[in-house]
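Have a look at the structure below before the remarks.
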Amino acid sequence: MTRTADAAARTASPLAHGQAEPSSTESIALRAFALLEQVVNAPGPMSLDELTLALKLPKPTVYRILNLLIDANLLRRERTSKRYSVGPRLTSFAVDLWRSDMLRTQWHHALEDAVAETGESCNLTMLENHQVLYLDRVETSHPLRLHLDVGTRVPLHCTASGKLFLSQMSEAEALRVLGTEPYPRFTAKTITAFKPLQAELAKVRRSGVGTHDCERFDDSVAIAVPVLGANGEILAAVAMHAPSSRASIKSCKGFVSALQRAAAVIATTLSPVQTTATKAATRSRAPKAPAP
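Read in order, the letters of the sequence shown are residues 494 to 785 in the numbering used here.
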């Protein structure tokens, strides 16, 4: 080999860039799982370069694993940004796991306690494919109430949980997730442009509480608090809903402590066991919760 060719070969080697070659004892399954952890814990879709850096694997190896996961519908690649996010099969698996009898019983008890304190319907939601997904819900005994089934999906820009999830994102990430303006209008109070929504998100970051004031549904108010992971990231949200003819945002905020207690109980069931690489790569952007 010539000196020039030899130098080129060293430059092309992953080791030349400080990347360790995968151990012969490390299975493709474990590397794929580590990659999935990165994508799941990231606040937004990740690029190939970001994943390569986080996993400390050669880029061709990461690319091959990504293609395997995409073929299996565990991940998806966004057409415009070329970034990678959670796929439908992984989402379905996560929801089925989270809704298993053992976990759902713990969630349900926590929500029941919150309903007993607030007197209004309470639910558990998560961010999934740029929407709010309802994982569990306990209804109030009041005959006048907003009924939403488990599995319901609602937009981010006009819901209490949605604003909470958006508040942890950077401006660029939020714009990408929300898509083109104007955002869908559902009521006269729906915010349909990013600038006024950005002002709302700033309030959410300061207070740690998302709000909904007749923006998705008429005669409906809601607040939401975060379910936080070990690193402060938002894993899910606990929210309460009430008719605006019976409650207001101000009166709902009187129950923030009750919702925070439910969120703390639920957090113990959702916090993942994280690898060192995942902990290092997790970017915490969760707003600080107000003191009870």
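No residue lacks a Cβ here, since even glycine has one placed at the ideal position from N, Cα and C. None of the values given here were measured: they were computed from a predicted structure.
Enumerate in chain order the residues of its own chain whose CB-to-CB distance from residue i is below 8 Å, with the five nearest sequence positions on each side excluded.
i: E664; result: Q691
i: F682; result: Per the sequence shown, residue 682 should be read as Lys rather than Phe. Result list for K682: D706, C707, E708, in chain order.
i: F710; result: L639, F679, T680
i: D589; result: none
i: D642; result: Y627, R630
Does the Cβ of residue i have 16 or more other Cβ atoms within 10 Å, making it buried, or fewer, making it exposed?
i: S517; result: With a pLDDT of 41 at S517, under the threshold of 50, the predicted position of this residue should be treated as unreliable, and no value is reported.
i: A801; result: Since the first residue of the chain shown is 494 and the last is 785, residue 801 is not available in this structure.
i: I536; result: Residue identity check: residue 536 is Pro in the sequence provided, not Ile. Classification of P536: buried, given that the 10 Å Cβ count is 16 or more.
i: A501; result: Confidence is the limiting factor: at A501 the pLDDT is only 37, short of 50, which leaves the residue's position unreliable and the question unanswerable from this model.
i: E605; result: exposed
i: T652; result: buried
i: P689; result: exposed
i: C745; result: buried
i: N534; result: buried
i: A755; result: buried
i: R569; result: buried
i: T761; result: exposed
i: P553; result: exposed
Does the separation of the CB atoms of residue i and residue j fall below 8 Å?
i: K656; j: V697; result: yes
i: V625; j: S654; result: yes
i: P538; j: R572; result: no
i: L562; j: L523; result: no
i: L567; j: R582; result: yes
i: L671; j: F687; result: yes
i: A717; j: V702; result: yes
i: P677; j: P636; result: no
i: T685; j: E693; result: no
i: L541; j: V532; result: no
i: I727; j: Q661; result: yes
i: E613; j: A735; result: yes
i: L617; j: V731; result: yes
Among residues of its own chain, excluding the 5 on either side of residue i, which ones have a beta-carbon nearer than 6 Å to its beta-carbon?
i: I759; result: W600, A603, V720
i: T584; result: E621
i: C615; result: L604, A607, V608, V631, M733
i: S574; result: none
i: H623; result: V670
Under 7 Å Cβ to Cβ from residue i, same chain only, skipping five residues before and after it: list those, please.
i: E610; result: F748, A751
i: G644; result: Y627
i: M619; result: L626, L628, A729
Original post:
Which full runs of the alpha helix (DSSP H) of 4+ residues lie inside the segment 579-644, going along the chain?
Top reply: 581-591, 594-611
Subject >> Entirely enclosed beta strand (DSSP E) segments - the segment 698-763, minimum 3 residues >> reply: 703-706, 714-721, 727-735
Subject >> Inside the segment 512-553 only - beta strand (DSSP E) runs reaching at least 3 residues >> reply: none
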